Structure formats: structure tokens, C-alpha cells
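A short write-up of the structure that comes next.
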Amino acid sequence: MTYQNLQIEETDGIVLITINREKALNALNKQTMQELRHFFGADGLEREGIKGVILTGAGEKAFVAGADIKEFMGLGDSGGQALAEYGQEVFFMVERFPHPVIAAVNGFALGGGCELAMACHLRIAGPNARFGQPEVNLGIIPGYGGTQRLIQYIGKTKAMELLLTADMIGADEALQLGLVNKVVEAGAEVEASRKMLQKIATKGPVAISKIIETVNAYFAVDQDGFQTEVSAFGATTRTADFVEGATAFVEKRKADFKGV
Ligand code: CAA
Numbered sequence: 001m002t003y004q005n006l007q008i009e010e011t012d013g014i015v016l017i018t019i020n021r022e023k024a025l026n027a028l029n030k031q032t033m034q035e036l037r038h039f040f041g042a043d044g045l046e047r048e049g050i051k052g053v054i055l056t057g058a059g060e061k062a063f064v065a066g067a068d069i070k071e072f073m074g075l076g077d078s079g080g081q082a083l084a085e086y087g088q089e090v091f092f093m094v095e096r097f098p099h100p101v102i103a104a105v106n107g108f109a110l111g112g113g114c115e116l117a118m119a120c121h122l123r124i125a126g127p128n129a130r131f132g133q134p135e136v137n138l139g140i141i142p143g144y145g146g147t148q149r150l151i152q153y154i155g156k157t158k159a160m161e162l163l164l165t166a167d168m169i170g171a172d173e174a175l176q177l178g179l180v181n182k183v184v185e186a187g188a189e190v191e192a193s194r195k196m197l198q199k200i201a202t203k204g205p206v207a208i209s210k211i212i213e214t215v216n217a218y219f220a221v222d223q224d225g226f227q228t229e230v231s232a233f234g235a236t237t238r239t240a241d242f243v244e245g246a247t248a249f250v251e252k253r254k255a256d257f258k259g260v
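Numbering (this note's numbering), first residue to last: 1 to 260.
So this is what it looks like as C-alpha cells:
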């Protein structure tokens with residue numbers, strides 16, 4: 001697939017994906033969703049030596065201002081449900097991606113944009129980041145997981161308020177509520193995300209993938225998270241990386257992990 005709306009740059013195993021529809025505040029139209037699906041469901045999984053992914057939006061105004069409202073016209077009777085099913089499938093691919101994905105939130109993260117940021121494993125925001133689920137303004141509800149993941153991050157009380165009022169919150173409140181990991185200076189979102197990924201890249205890659213799988217299992221209705229942890233722990237102890245990590249500790253040197 002040739003990417004039209006995603007700009008993809010890979011440096012030392014860190015992939016920077018810029019959603020590149022600045023004139024529409026990087027709104028997620030069908031083409032962009034297909035490209036995200038292609039990256040997180042195929043291209044990104046096939047790339048060798050990937051250490052992590054940074055997702056950001058083009059320009060200084062928006063991360064992503066939501067699903068593309070203009071494309072909503074003429075969805076028809078079954079179109080809305082199909083759109084939500086597709087969007088949730090794509091965002092689950094992001095959430096289950098075996099390498100860490102950080103949203104570098106450089107402005108509006110509204111509707112589908114807030115949902116995309118929440119599907120990422122970590123979120124680093126600039127001071128002008130604005131989060132919200134304003135769908136009720138349009139007479140609809142979030143469809144890409146917003147009603148579920150917002151509760152996971154900030155709890156039912158505040159999630160209910162934001163979902164019902166369509167109010168936006170700024171970076172500091174998002175930090176206080178636990179929606180973002182860090183707030184950095186304007187323009188420093190991507191570099192701060194890269195720095196965090198570089199730190200994670202020094203750890204055992206299999207262990208990192210297993211952490212993602214096990215933390216996700218906490219929220220999966222069909223999985224016992226504790227049992228997932230037992231199996232994942234067992235899997236990590238069978239890796240050559242574990243031998244290397246433990247040996248490096250005893251020899252008082254840095255581990256040289258190979259991801260196996
Ligand atoms: N879809 C399509 N186009 C969008 C868009 C969106 N979600 N958000 C912004 N744009 C477009 C605007 O239409 C405008 O285009 P034109 O110049 O061609 O008119 C351009 O981006 C710039 O936007 P504004 O002029 O509105 O910029 P602003 O600074 O005045 O306002 C804003 C910024 C508050 C983010 C405002 O654009 C806005 O409210 N956007 C919509 C946010 C929204 O409702 N998101 C939820 C979408 S529904 C959804 O996501 C459902 C789901 O869960 C799947």
C-alpha cells in the first residue's frame with residue numbers, strides 16, 4: 001500500500017507516523033483509517049528491528065480533531081455501525097501492537113483523535129493539547145472505543161462528565177486525571193516520545209511485548225489477567241534475553257538484548 005495521508009519515517013528502529021491532513025486538522029477519513037490499519041496490522045508487524053512507534057499530527061494545531069465529520073454524511077442505515085466496527089478493529093491493532101506506541105499530542109485530540117491517543121500505550125502532550133469527546137454535539141456518541149477507554153484512564157465520574165458535556169480539558173488537567181503520562185514544552189512532544197522509546201529500547205524486547213499483552217489482559221473480558229501474567233512470565237524466563245539480562249546483572253555490565 002502506498003501511504004497518502006500517513007508520513008512514515010523510521011530512524012534507528014523508531015517509527016514516526018505523522019497524520020498528514022493539516023487542513024482538516026488531521027481528521028481520520030476512510031483512507032487514513034485504512035492506512036493506519038495497514039501499518040498496525042501488516043507493515044509495522046513485518047518490519048524487522050522495530051523498537052517503537054510515535055504517532056503525531058501534522059502542524060501545530062491538532063493531533064487529530066476526530067473522525068472526518070464530512071464523510072459521515074450519507075452513512076445510511078448500517079453505515080454507522082460498520083464504521084464503528086472498523087474503527088474499533090483498527091484501534092485494537094494499535095493497542096495490541098507488540099512494540100510500544102506513544103501518542104505525541106500536539107494540539108486538539110478530539111473524538112476519534114482522543115480515542116486514537118487512548119489506544120496508544122503512552123501519551124505525551126504539549127501545553128496546547130486539548131482532549132475531549134464532543135460527539136454529543138453532533139447528536140452521536142464516540143464509536144472508536146471512547147466510552148470504554150476513557151473510563152479505564154480517568155474513572156467513571158469524570159468520564160461520564162466529559163462524555164455528557166462534550167467539555168474539553170487541557171494538558172495539565174489531562175495529566176492530573178491520568179490521561180497523559182507527561183506534559184512537555186510546545187514542539188517537544190515528538191522528541192520527548194523518542195527519548196522515552198529509546199529508554200524502553202534498552203530493555204528486553206520480549207519482556208516489553210509481554211508487558212503490553214499482560215496489561216491489556218486486565219481489561220479483556222475474556223481473559224484472566226493474572227493467568228496471562230503467569231504464562232507471559234514463563235515465556236520471558238525461557239528467552240535467551242533473560243539469561244543475558246541476569247548474567248549482565250551479575251557481571252555488573254549493561255545487557256545486550258537480542259529480542260529472543
Ligand atoms: N472532520 C472533518 N473536518 C474537520 C474536523 C473533523 N472532525 N475538524 C476540523 N475539521 C476541518 C474544518 O471543517 C475546517 O475545514 P474548512 O477550513 O474546510 O472549513 C478545518 O478543519 C479547520 O477547522 P475549524 O475552522 O473548525 O478550526 P477552529 O480552530 O475554528 O476549531 C475545532 C477547531 C474546535 C477542533 C473544530 O474544528 C471542531 O470542533 N472540530 C470537530 C471536532 C469533533 O467534533 N470531533 C469529533 C468527530 S466525530 C468522531 O470522532 C466520532 C467517533 O468517535 C468515531
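All C-beta atoms in this analysis are idealised placements derived from N, C-alpha and C, irrespective of residue type, glycine included.
In this text the structure is predicted, and so the values were computed from the model without any measurement.
Checklist line | Residue closest to Thr214, alpha-carbon to alpha-carbon, out of Lys258, Ile69, Glu135, Glu95 | finding: Sequence index remark: in the sequence shown, residue 214 carries index 214 (1-based). With distances taken between Cα atoms, Thr214 lies closest to Glu95.
Note to self: Using 7 Å as the threshold, is the C-beta distance between Gly49 and Gly76 below it?
What the structure shows: Here the question's residue 49 lines up with position 49 in the sequence shown. Here the question's residue 76 lines up with position 76 in the sequence shown. Their beta carbons are not under 7 Å apart, which means Gly49 does not touch Gly76 by this criterion.
Check: How is Leu25 classed by DSSP in three states: helix, strand or coil?
Finding: The residue given as residue 25 occupies position 25 in the sequence shown. Of the three classes helix, strand and coil, the one that applies to Leu25 here is coil, per DSSP.
Next item on the list: Under 8 Å by Cβ, that's how I've got Ala24 and Phe63 pegged, so tell me the actual separation to the nearest angstrom.
Entry: For this step, residue 24 is matched to residue 24 along the sequence shown. For this step, residue 63 is matched to residue 63 along the sequence shown. Not really, about 13 Å apart at Cβ, beyond 8 Å.
Checklist line | Proximity winner among Ala246, Asp43, Ala65, relative to Ala109 (alpha-carbon distances) | finding: Sequence index remark: in the sequence shown, residue 109 carries index 109 (1-based). The shortest C-alpha separation from Ala109 is found at Ala65.
Notebook entry, point to check: Which term fits Leu179, buried or exposed, when burial requires 16 or more other beta carbons within 10 angstroms of its beta carbon?
Noted result: Along the sequence shown, read from residue 1 onward, the residue named residue 179 stands at position 179. With 16 or more other Cβ atoms within 10 Å, it is buried.
Notebook entry, point to check: Would you report the Cα separation of Glu229 and Lys70, rounded to the nearest angstrom?
Noted result: Position 229 of the sequence shown, counting from 1, holds the residue named residue 229. Position 70 of the sequence shown, counting from 1, holds the residue named residue 70. Rounded to the nearest angstrom, the two C-alpha atoms are 44 Å apart.
Next item on the list: Can you have a look at Met33 and say buried or exposed, based on whether 16 or more other CB atoms are within 10 angstroms of its CB?
Entry: Within the sequence shown, the letter at position 33 stands for residue 33. Per the 10 Å Cβ criterion, buried.
Checklist line | Selected residue, minimal CA-CA separation from Gly132, among Gly44, Ala104, Cys114, Ala188 | finding: Mapped onto the sequence shown, residue 132 falls at position 132. Considering only alpha carbons, the answer is Cys114.
Next item on the list: Run the CB neighbour count on Gly146, radius 10 Å, all protein chains shown included, and call it buried at 16 or more, exposed below.
Entry: Indexing the sequence shown from 1 puts residue 146 at position 146. So Gly146 counts as buried.
Checklist line | Whole-angstrom distance between Ala119 and Leu150, CA atom to CA atom | finding: Sequence index remark: in the sequence shown, residue 150 carries index 150 (1-based). Sequence index remark: in the sequence shown, residue 119 carries index 119 (1-based). Straight-line Cα distance between these residues: approximately 10 Å.
Next item on the list: In angstroms with no decimal places, state the Cα-to-Cα distance between Leu16 and Glu9.
Entry: Residue mapping note: residue 16 aligns to position 16 of the sequence shown, counting from 1. Residue mapping note: residue 9 aligns to position 9 of the sequence shown, counting from 1. So the alpha carbons of these two residues sit roughly 5 Å apart.
Next item on the list: Over the uninterrupted alpha helix (DSSP H) stretch that includes Gly155, give me the two end residues.
Entry: Locating residue 155 in the sequence shown gives position 155, where the first residue counts as 1. Per DSSP, Gly155 belongs to no alpha helix (DSSP H) and is neither H nor E.
Checklist line | Distance between Phe242 and Asp224 (C-alpha atoms, nearest Å) | finding: For the purposes of this step, residue 224 is taken as residue 224 along the sequence shown, with counting starting at 1. For the purposes of this step, residue 242 is taken as residue 242 along the sequence shown, with counting starting at 1. The straight-line gap from Cα to Cα measures roughly 25 Å.
Next item on the list: Take Leu83 and list the residues in its own chain whose beta-carbon comes closer than 7 Å to its own, dropping the five residues that flank it on each side.
Entry: By 1-based counting over the sequence shown, the position of residue 83 is 83. The answer, listed in chain order, is Leu75, Gly143.
Next item on the list: Could you tell me whether any non-hydrogen atom of the ligand CAA is closer than 6 Å to the CB of Ala58?
Entry: Numbered from its first residue, the sequence shown carries residue 58 at position 58. Ala58: no, Cβ never under 6 Å from the ligand CAA.
Check: What's the call for Ile19, buried or exposed, on a 16-neighbour Cβ count within 10 Å?
Finding: Start at 1 with the first residue of the sequence shown, and residue 19 comes out as number 19. Its Cβ being crowded by 16 or more others within 10 Å, Ile19 is buried.
Check: Going along the chain, which unbroken runs of the beta strand (DSSP E) with 3 or more residues stay wholly within the segment 127-186?
Finding: 130-132
Note to self: Between Glu89 and chain B, is the shortest Cβ-Cβ distance under 7 Å, so that the two count as touching?
What the structure shows: Looking at the structure shown, chain B is missing, and only one protein chain is on hand.
Note to self: Helix, strand or coil for Leu36? Go by DSSP, reduced to three states.
What the structure shows: Residue 36 sits at position 36 when you count from the first residue of the sequence shown. Helix, per DSSP.
Next item on the list: Confirm the yes/no value for this check: CB of Glu135, any heavy atom of the ligand CAA, distance under 6 Å.
Entry: Counting from one through the sequence shown, the residue named residue 135 turns up at place 135. At least one heavy atom of the ligand CAA is nearer than 6 Å to the Cβ of Glu135, so yes.
Next item on the list: Report the partner residues of Glu95 according to the DSSP bridge assignment.
Entry: Translated into positions along the sequence shown, residue 95 becomes position 95. According to DSSP, which records beta bridges pairwise, Glu95 is partnered with nothing at all.
Checklist line | Neighbourhood of Val260 by C-beta distance below 8 Å, restricted to the same chain and skipping five residues each side | finding: Here residue 260 refers to the residue found at position 260 when the sequence shown is read from its first residue. Around Val260: Val206, Thr239, Ala240, Asp241.
Item checked: Cα-Cα separation, Lys156 to Gly59 -> For this step, residue 156 is matched to residue 156 along the sequence shown. For this step, residue 59 is matched to residue 59 along the sequence shown. Their backbone Cα atoms lie some 33 Å apart in a straight line.
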